[in-house]
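Trainee: Got a structure here, written out as structure tokens. Questions coming.
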């Protein structure tokens with residue numbers, strides 16, 4: 035009978051080393067070889083336990099450094115402060131437990147030693163109570179305000195995410211569309227604040243959160259204006275002591291009373307910063323900042339970003355005008371100006387950048403046999419055929435994705451003209467999909483493509499986790515490359531005379547679809563998709579994401595070194611990198627288009 | 336066993352069972368942050384976002400407390416081990432769900448696991464599986480001892496209190512023997 039572990043007793047030496055592991059005393063595993071092979075193996079297992087313990091310790095320490103600490107710190111009224119998550123000049127913020135509602139909240143408590151009077155506290159509380167009446171998706175939800183044990187405090191929804199400042203620092207300047215959408219959210223937030231008769235007074239990139247989802251119903255990437263604590267605390271001159279002068283309207287620096295226009299100025303600076311990752315003035319002492327606003331040394335937005343649309347530049351410059359009379363009179367007016375910049379006739383899709391999004395992304399990868407009648411109609415709004423000398427479909431390409439999918443060699447003889455439409459079929463009718471459109475589980479998607487010459491078509495999908503899937507070509511199913519010229523193809527093609535489709539199988543994120551059309555085979559893509567599983571005839575097919583080696587190849591094209599982790603790089607998707615790499619490669623006629631779809 | 340110290344987890348548990356809401360709140364506030372941090376170490380970064388992991392832990396914890404009426408832990412350590420087990424189940428469910436949300440419904444789960452959890456990244460998937468399997472072979476007290484010392488980094492004094500031992504040194508011996516036993520089980524399962 036084989037002797038099992040439970041039949042054996044650990045020997046004294048093993049227990050001794052185990053005790054050292056438990057004590058966190060360093061063990062020289064090289065020396066602890068063991069006298070017999072069996073002993074050596076047990077010591078090897080013990081070293082694994084030590085490594086696991088070490089990992090727990092290390093990971094616990096790193097989470098403690100971002101605010102996860104043990105135990106309830108103290109009680110404040112009905113709330114239990116669990117851990118500190120931030121502190122300002124005169125207040126501390128805690129993650130707290132609200133036992134009544136059995137949920138976590140953010141609790142902001144004024145410091146007892148902040149040298150404030152009870153009158154100040156009362157004003158602060160009154161302020162918070164007025165804020166609590168504002169209900170707007172882009173304004174922090176204030177649950178309540180009170181004083182307990184001599185400490186004034188307000189408690190609010192608990193947001194997890196990044197401040198705009200952290201976001202910008204991490205990923206650099208935004209594209210015009212992305213910045214515009216954030217700006218419009220903030221305009222809406224400020225309008226709600228102003229409508230309640232309040233002035234925020236400290237609108238900065240530090241006081242706006244890009245929140246992740248805090249529950250399934252809460253959208254990710256929600257822009258939330260917060261930190262009203264400093265808004266109306268004191269007479270204005272104090273603002274400079276704890277506010278952020280770079281975002282403060284010059285008239286406030288001169289001692290004027292805050293107004294909606296001064297909040298609009300701050301929002302203008304936020305937009306400037308989102309678009310440039312810089313400020314219009316050089317940071318420095320308050321007096322120096324004030325000087326630069328009038329002495330002409332301020333950097334105009336059009337100089338910092340000459341590529342931006344003129345309408346957007348004008349709107350931001352007018353919002354951030356040093357002269358209050360030159361500014362928009364209200365946040366709503368700024369919102370309108372920003373909205374005018376977006377493509378006409380398109381509502382502002384709630385394009386949520388999902389850096390913090392929680393759920394696994396949905397995917398478009400399950401291929402099914404279509405069962406509905408195939409409608410042979412043209413797209414609802416057929417786009418003009420992009421030619422080799424014109425960048426295709428600019429009006430739907432947000433600047434946050436790959437810029438100008440321009441042909442690689444403008445003067446090459448074999449220019450490829452491509453007309454391509456990604457569409458969704460619902461109940462037999464087809465709807466063209468554009469950037470920012472929402473898709474949902476159950477949707478069936480297809481690509482209609484026509485080319486002026488024989489062409490190789492590749493369709494790749496990336497979910498928000500950075501996993502890449504090949505949608506076309508499909509080995510042994512559907513259409514094959516190259517596709518014939520002058521024919522309107524519907525991809526992925528047909529099987530036994532019935533159309534195939536890509537079906538959306540799950541929700542929860544953003545899908546980036548990259549369409550590449552080339553007159554020559556694209557070796558990198560061919561290699562990357564070559565290893566995919568062979569679909570079983572007649573059955574639904576799942577496509578595993580591309581393997582590490584394939585991704586490494588794609589990243590190689592995209593100009594990302596192999597040493598980098600294969601997860602989605604911060605702010606740079608694999609497909610965006612890939613497209614960027616291809617556009618720089620002068621090896622033939624190439625057309626590409628990237629479409630981002632929301633799959634909320 | 337001596338009477339539980341005032342405000343000890345054991346006493347709080349008694350009070351929770353008696354319907355004391357305040358005790359329930361204190362219990363949550365005491366354990367939630369550590370368990371949340373523990374769950375973050377177990378979940379692949381892609382499986383859930385920060386907020387949702389927190390939500391998962393919170394919901395699991397509250398659910399566990401709702402069932403505490405029928406649960407008579409011998410001591411705090413047993414309560415912690417109980418929380419660990421249900422949380423680990425929730426984490427595994429979540430990882431499975433994450434897989435189902437993807438395109439991998441018909442793909443062998445062994446080959447299509449989501450990205451590694453922080454712990455897997457640290458020590459490797461094989462070693463973590465060996466550990467988890469062997470952990471399940473240990474007796475209740477040894478499981479509690481290993482969890483508190485190795486995974487939660489509690490002091491011997493805390494562990495002594497949680498296991499109802501009379502000294503930190505006794506707790507140290509319990510932990511050491513448990514780790515040696517764990518190594519045996521890991522090697523046994525590795526055959």
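Protein chains in written order, with our numbering: chain H, 35 to 634; chain S, 336 to 526.
Ideal Cβ positions, reconstructed from N, Cα and C, are used throughout, including at glycine.
(1) For residue 446 of chain S and residue 390 of chain S, I'd like the C-alpha separation in whole angstroms.
(2) Helix, strand or coil for residue 27 of chain H per DSSP?
(3) Are the CB atoms of residue 511 of chain S and residue 53 of chain H within a distance shorter than 8 Å?
(4) Determine whether the beta carbon atoms of residue 473 of chain S and residue 427 of chain S lie at a separation below 8 Å.
(5) Near residue 332 of chain H, what residues of its chain come up, given a Cβ to Cβ distance below 8 Å and the 5 sequence neighbours on each side ignored?
(6) Short of 6 Å in beta carbon distance, which residues of its chain neighbour residue 336 of chain H, apart from the five on each side in sequence? Order them along the chain.
(7) Would you call the segment 164 to 183 of chain H and the segment 197 to 212 of chain H in contact, with 3 or more CB pairs under 8 Å?
(8) So with Cβ pairs under 8 Å, would you call residue 189 of chain H a contact of chain S?
(9) For residue 298 of chain H, count neighbouring C-beta atoms within 10 Å of its own C-beta (all shown protein chains included) and say buried if the count is 16 or more, exposed if not.
(10) Can you check whether the CB of residue 240 of chain H is closer than 8 Å to the CB of residue 199 of chain H?
(11) Report the CB separation of residue 416 of chain S from residue 492 of chain S in whole angstroms; it is logged as a contact under 8 Å.
(12) Mind listing the chain S neighbours of residue 116 of chain H? Cutoff is C-beta to C-beta under 8 Å, in chain order.
(13) How about residue 396 of chain S and residue 423 of chain S: are their beta carbons less than 8 Å apart?
(14) So, using beta-carbon positions, are residue 165 of chain H and residue 191 of chain H closer together than 8 Å?
(15) Buried or exposed: where does residue 464 of chain S fall if 16 or more other Cβ atoms within 10 Å of its Cβ makes it buried?
(16) Around the C-beta of residue 708 of chain H, are 16 or more other C-beta atoms found within 10 angstroms, so that it is buried, or is it exposed?
(17) Under three-state DSSP, which class holds residue 608 of chain H?
(18) Let me see if you follow: with CB-CB separation under 8 Å, is residue 514 of chain S close to chain H or not?
(19) Measure the CB-CB distance between residue 339 of chain H and residue 372 of chain H and report whether it falls below 8 Å.
(20) Using 8 Å as the limit for Cβ to Cβ distance, is residue 182 of chain H near chain A?
(21) Which residue wins for smallest C-alpha separation from residue 412 of chain S, given the options S:482, S:451 and S:429?
(22) Terminal residues of the continuous alpha helix (DSSP H) containing residue 506 of chain H?
(23) So, helix, strand or coil for residue 410 of chain S, using DSSP?
(24) Hey, would you say residue 245 of chain H sits closer than 8 Å to residue 168 of chain H, going by beta carbons?
(25) For residue 89 of chain H and residue 430 of chain S, which I take to be in contact (beta-carbon distance under 8 Å), what is that distance rounded to the nearest angstrom?
(26) For residue 321 of chain H, which option in H:345, H:279 and H:344 has the closest C-alpha, if you only look at C-alpha atoms?
(27) Report yes if the CB atom of residue 281 of chain H is closer than 8 Å to the CB atom of residue 328 of chain H, and no otherwise.
(28) Residue 243 of chain H bridges to which residues according to DSSP?
(29) Do residue 69 of chain H and residue 522 of chain S have their C-beta atoms closer together than 8 Å?
(30) Classify residue 2 of chain H: buried if its beta carbon has 16 or more other beta carbons within 10 angstroms, exposed otherwise.
(31) Counting contacts by CB-CB distance shorter than 8 Å, is residue 347 of chain S in contact with chain H?
(32) On the DSSP letters alone, give me the boundaries of the alpha helix (DSSP H) that residue 137 of chain H sits inside.
(33) In terms of DSSP beta bridges, what is residue 628 of chain H paired with?
(34) Would you call residue 294 of chain H buried or exposed, if buried means 16 or more other Cβ atoms sit within 10 Å of its Cβ?
(35) Residues bridged to residue 517 of chain H by DSSP?
(36) Run the CB neighbour count on residue 455 of chain S, radius 10 Å, all protein chains shown included, and call it buried at 16 or more, exposed below.
Mentor: Let me lay it out:
(1) Bear in mind that a pLDDT of 37 at residue 446 of chain S, under 50, signals an unreliable position, so the model cannot answer this.
(2) Lying outside 35 to 634, the shown extent of chain H, residue 27 of chain H is not represented and no answer is given.
(3) yes
(4) no
(5) So the qualifying residues of the chain are 314, 315, 326 and 356.
(6) 347
(7) They do not touch, by the three-pair rule.
(8) It does not; no Cβ of chain S falls within 8 Å.
(9) Under the 10 Å beta carbon count, residue 298 of chain H is surrounded by 16 or more other beta carbons and is classified as buried.
(10) yes
(11) Actually they do not touch by this definition, with Cβ atoms about 19 Å apart.
(12) 364, 367 and 368
(13) no
(14) At the C-beta level, residue 165 of chain H and residue 191 of chain H stay beyond 8 Å of one another.
(15) exposed
(16) Coverage of chain H is limited to positions 35 through 634, which leaves residue 708 of chain H absent and any answer about it impossible.
(17) helix
(18) yes
(19) At the C-beta level, residue 339 of chain H and residue 372 of chain H stay beyond 8 Å of one another.
(20) In the structure shown, chain A cannot be found, because the protein chains are H and S.
(21) S:482
(22) Here residue 506 of chain H belongs to no alpha helix (DSSP H); instead the beta strand (DSSP E) covers 502 to 506.
(23) coil
(24) no
(25) Incorrect: roughly 18 Å between the Cβ atoms, too far for contact.
(26) H:279
(27) no
(28) H:197 and H:258
(29) no
(30) Limits of chain H in this structure are 35 at one end and 634 at the other, which puts residue 2 of chain H out of reach.
(31) no
(32) No alpha helix (DSSP H) holds residue 137 of chain H; the beta strand (DSSP E) holding it covers 137 to 144.
(33) H:548
(34) buried
(35) H:489
(36) buried
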